[in-house]
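Have a look at the structure below before the remarks.
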Amino acid sequence: MNRTRLTVSPSSNFRFWRTVYSHGWCSLPPFQVDKENRILSRLLELKDGTLVHCSVRSSESRLHVEATSARNLTAARRGEIKSQWMDCLRMNEDLGGFYAEARKHRQYRWIPPTGAGRMLRSPTVFEDLVKMMCTTNCSWSLTEAMVKNLTGILGRTFTGGLSSFPTPAAIAGVPESFIRKNIRAGYRSPYLLELSERVAGGKLDVESWRRSSVPTVELFNRVRSVKGLGEYAAGNILKLLGRYDYLGLDSWVRGRYYELHRKGRKVSDGTIAKHYAPYGSWRGLFLWLEMTRDWHDPALPS
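Read left to right, the sequence shown gives residues 21 to 322 (my numbering).
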């Protein structure tokens, strides 16, 4: 095995652990999270097919990446490793406008000092879409099981029993019955297969969505056009694309809102939307950070 250590210097308002633990992606394979030691790991697949296992930790103002691969880690490969991690951790995303808006509102002034706001995402939009599809209409434990099955059964294997996230071609290469039986994806099975076939066949370029300049409404409609992704899923995919105009409500978020703002009393989605409407294009991010603030309390900032 070939090993190397890489160092990345993020912006001054970047907070590694807040980004890692921004939502549940850190616990879905190939991501692995060590909460005690605050280390995020995963198996990356580079453009040339090279598999690289990485462990990332933060020290002072730098990120340290320990990379291991069966292939020689050339300068080009090391550069791609850095690039993938910077993309996953949203290190180049400018949240200056968001922090300026947060400072205007007393209830959100805790946000800028903590560096909260970046949401962990996968190296590819395709992986995010598949994982988001696996969160719909089910418990989190079922989501974890489906993603574990996808990765372990259809991903490429690496030393230590690790596997990469399957490519579109890998999922497209099995019948729907296989997905139902082995991935345990239920009604999602035909949707996962259709998405994979369209991406693998070049009929749908989802990777372009991260750099798209189209209006958010149009991008939302493009995401919604993927069968199996409703308003909740599309709204949350947009957050991973750097667009925060949509709330992405599910039963957990609704329950948290009722608890925080209505003393447990249920209200309509329209009432929730009205509450966050004053925050404009940042409303989805304000909602999410408010709902998850206690994940990091009482040790603020972190």
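For every residue, glycine included, the Cβ atom is placed at its ideal position computed from N, Cα and C.
Check                                                                                                   : Outcome
CA-to-CA distance, S29 to L320, given in whole angstroms                                                : Low per-residue confidence applies at L320: pLDDT is 44, beneath 50, and the placement is therefore not dependable enough to give any value.
Candidates S31, D148, V53 and Y41, of which the one nearest G106 by Cα                                  : One point to set straight first is that residue 106 is Met, not Gly, in the sequence displayed. Checked all of S31, D148, V53 and Y41; the closest Cα to M106 is S31.
Close Cβ partners of A190 (< 6 Å) along its chain, the five nearest in sequence each way excluded       : L174
Stretch pair the region 299-315 + the region 130-145: three plus CB contacts closer than 8 Å            : yes
Beta-bridge partners of A189, as assigned by DSSP                                                       : In the DSSP output, where bridge partners are listed per residue, A189 has none listed.
Whole-Å CB distance - G135 paired with F34, under 8 Å assumed                                           : 6 Å
Interface flag, G137 vs chain D, CB-CB below 8 Å                                                        : No chain D is part of this structure, which consists of one protein chain only.
Local Cβ density within 10 Å of R138, reported as buried at 16 or more and exposed below that           : buried
Bridge-paired residues (DSSP) for F178                                                                  : L182
R274 - DSSP class collapsed to helix/strand/coil                                                        : helix
For A319, three-class secondary structure by DSSP                                                       : For A319, the pLDDT reaches just 48, beneath the cut-off of 50, and the residue's location in the model is therefore unreliable, leaving the point undetermined.
Classification of Y252 by the beta-carbon crowding that lies within 10 angstroms, buried from 16 upward : buried
Buried versus exposed call for E80 [16 or more other C-beta atoms within 10 Å across all chains shown]  : exposed
Rounded distance between the beta-carbons of R176 and E65, thought under 8 Å                            : 7 Å
Residue burial classification, L280 (beta-carbon count within 10 angstroms, cutoff 16)                  : exposed
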